[in-house]
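Counting in the working numbering, the sequence shown runs from 80 upward without gaps. Built from N, CA and C at the ideal position, the CB exists for glycine as well. Quick notes on the structure that follows.
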Amino acid sequence: MNGSVTGVGAQDLFAGLELSVTGAVVADLRDDTFPVVYVNPACLTLTGYAADDLLGRPLQTLQDDDPAAERADFRRAVAARRAATLTVRCVRAGVGTFRAEVSLRPVPNTGGEPTHVVAFIQDVTELHRLRAALDQLPEAVMTFDRDWTMTYVNAAAAANAKRAADTLIGQLLLGAYPEVAGTPAFLAAQQALSSGLTQQVITYSERLSRALKTTAYPALGGVAVLLQDVTAEQALEHDLTTSQERFAKVFDASPLAIAITRLRDGQFVDANPAFTRLSG
Numbered sequence: 080m081n082g083s084v085t086g087v088g089a090q091d092l093f094a095g096l097e098l099s100v101t102g103a104v105v106a107d108l109r110d111d112t113f114p115v116v117y118v119n120p121a122c123l124t125l126t127g128y129a130a131d132d133l134l135g136r137p138l139q140t141l142q143d144d145d146p147a148a149e150r151a152d153f154r155r156a157v158a159a160r161r162a163a164t165l166t167v168r169c170v171r172a173g174v175g176t177f178r179a180e181v182s183l184r185p186v187p188n189t190g191g192e193p194t195h196v197v198a199f200i201q202d203v204t205e206l207h208r209l210r211a212a213l214d215q216l217p218e219a220v221m222t223f224d225r226d227w228t229m230t231y232v233n234a235a236a237a238a239n240a241k242r243a244a245d246t247l248i249g250q251l252l253l254g255a256y257p258e259v260a261g262t263p264a265f266l267a268a269q270q271a272l273s274s275g276l277t278q279q280v281i282t283y284s285e286r287l288s289r290a291l292k293t294t295a296y297p298a299l300g301g302v303a304v305l306l307q308d309v310t311a312e313q314a315l316e317h318d319l320t321t322s323q324e325r326f327a328k329v330f331d332a333s334p335l336a337i338a339i340t341r342l343r344d345g346q347f348v349d350a351n352p353a354f355t356r357l358s359g
């Protein structure tokens, strides 16, 4: 099963894959069908197949239920003989399908030419469902790793940026948006990352002409940021504060004696200067 793969560290490669908890398949790039020459135990557990069901068969056997466009994208990625990561729909034998993140890593022979490829397979079904749900939110959601590389951008965040989400993912935040450096929102996100505590701040975005509440949550390997449009709430709060201040001025300046009491027990809550002078 391992003999067809030669090159630097070939035996170490198989030894490592055998013990890996991540599903892995090795396919031969020298054949246009990319036949499977090795499957590790973790992949057999993940897919429900026996080794004999996969060995010698095309790599895309695992992808039998995928739409034609995705199958074509996957085949092109394998044929390119370069490292790549794709999300595809894979088959779980006798059960159905699952969303999988497949990372392709070419394996060179002794002459440095890629002759095989290792496909690392991880079940990301729940993550895919979560992201689909996040894409329905009106609020912008973004996640970053510890180096501030964007690892996820939902539809609302992409709309705010006026860019496709896949053009943002993988970019450094400050590389794409240098103007956010030093802003209260970015400082809150930095504090969440360093302290492990949720941070929140409200700022006004000149670019979007909105008041935004930024909530930064510590996340595994980085930080998640939720941006909520609170323009209406801020305007209402401002109007309420203005109204209260106006009432206070009229209350204090009124020549009429005014007292405020609780309805339930008649207890005085407040009285203006005119009432105080009158009552002594």
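Could you check if Tyr283 is buried or exposed, using at least 16 other CB atoms within 10 Å of its CB as the buried criterion?
For this step, residue 283 is matched to residue 204 along the sequence shown. When all chains shown are included, Tyr283 counts as exposed.
Under the DSSP definition of a beta bridge, which residues are partnered with Tyr296?
The sequence position of residue 296 within the sequence shown is 217, counting from 1. Ala303, per the DSSP bridge assignment.
Could you check whether Thr228 and Gly249 sit closer than 8 Å to each other, using their CB atoms as the reference points?
As a working note, residue 249 is residue 170 in the sequence shown. As a working note, residue 228 is residue 149 in the sequence shown. Closer than 8 Å, so yes.
When you compare each of Ser333, Glu180, Ala158 and Ala298 to Ala103 by their alpha carbons, which one comes out closest?
The residue you call residue 103 lines up with position 24 of the sequence shown. Ranking the options by Cα distance to Ala103, first place goes to Glu180.
Using beta-carbon positions only, say whether Asp225 and Gly300 come within less than 8 Å of one another.
The count along the sequence shown starts at 1 and reaches residue 225 at position 146. The count along the sequence shown starts at 1 and reaches residue 300 at position 221. A quick correction: the sequence has Arg, not Asp, at residue 225. Against a cut-off of 8 Å, the Cβ pair of Gly300 and Arg225 comes out as a contact.
How far does the beta strand (DSSP E) with Phe365 in it extend, from its first residue to its last?
Beyond the ends of the chain as shown, which are 80 and 359, falls residue 365; an answer cannot be given.
What residue does the beta strand (DSSP E) around Gly254 start on, and which one ends it?
Locating residue 254 in the sequence shown gives position 175, counting from the first residue. Gly254 -> not in any beta strand (DSSP E); alpha helix (DSSP H) instead, spanning Leu252 to Ala255.
Which runs of the alpha helix (DSSP H) fall wholly inside the segment 110-164 and span at least 4 residues, in chain order?
Those alpha helix (DSSP H) runs which fall completely within the segment 110-164 and span 4+ residues are 120-126, 130-133 and 147-158.
Can you check which of these residues, Thr112, Gly190, Thr126 and Leu266, is closest to Gln139 by C-alpha distance?
Locating residue 139 in the sequence shown gives position 60, counting from the first residue. That would be Thr112, whose Cα lies nearest to the Cα of Gln139.
Note down, in chain order, each residue of its chain lying with its Cβ closer than 7 Å to the Cβ of Met80, except the 5 sequence neighbours on either side.
Counting from one through the sequence shown, the residue named residue 80 turns up at place 1. Its pLDDT being 45, under 50, Met80 is placed unreliably by the model, and nothing is read from it.
Since Ala198 and Ala106 are thought to touch, with beta carbons under 8 Å apart, how far apart are those beta carbons, to the nearest angstrom?
Numbered from 1 along the sequence shown, position 119 holds the residue referred to as residue 198. Numbered from 1 along the sequence shown, position 27 holds the residue referred to as residue 106. That pair is a contact at about 7 Å.
Rank Val100, Arg286 and Lys292 by C-alpha distance to the C-alpha of Ala49 and give the top, closest one.
Given a span of 80 to 359 for the chain in the structure shown, any question on residue 49 remains unanswerable.
Quick check on the DSSP output: what are the complete alpha helix (DSSP H) runs of length 4 or more inside the segment 223-252, in order along the chain?
234-240 and 244-247
Measure the Cβ-Cβ separation of Ala295 and Thr310 and say whether it is below 8 Å.
On the sequence shown, residue 295 is found 216 positions in, with the first residue counted as 1. On the sequence shown, residue 310 is found 231 positions in, with the first residue counted as 1. No, the pair does not count as a contact, with Cβ atoms beyond the cut-off.
Where do the N-terminal and C-terminal ends of the alpha helix (DSSP H) with Ala212 fall, by residue?
What you label residue 212 is simply residue 133 of the sequence shown in a count that begins at 1. Per DSSP, Ala212 belongs to the alpha helix (DSSP H) from Thr204 to Leu213.
What whole-angstrom Cβ distance do Leu165 and Ala156 have, given they're in contact under 8 Å?
Along the sequence shown, read from residue 1 onward, the residue named residue 165 stands at position 86. Along the sequence shown, read from residue 1 onward, the residue named residue 156 stands at position 77. Confirmed, Cβ separation roughly 6 Å.
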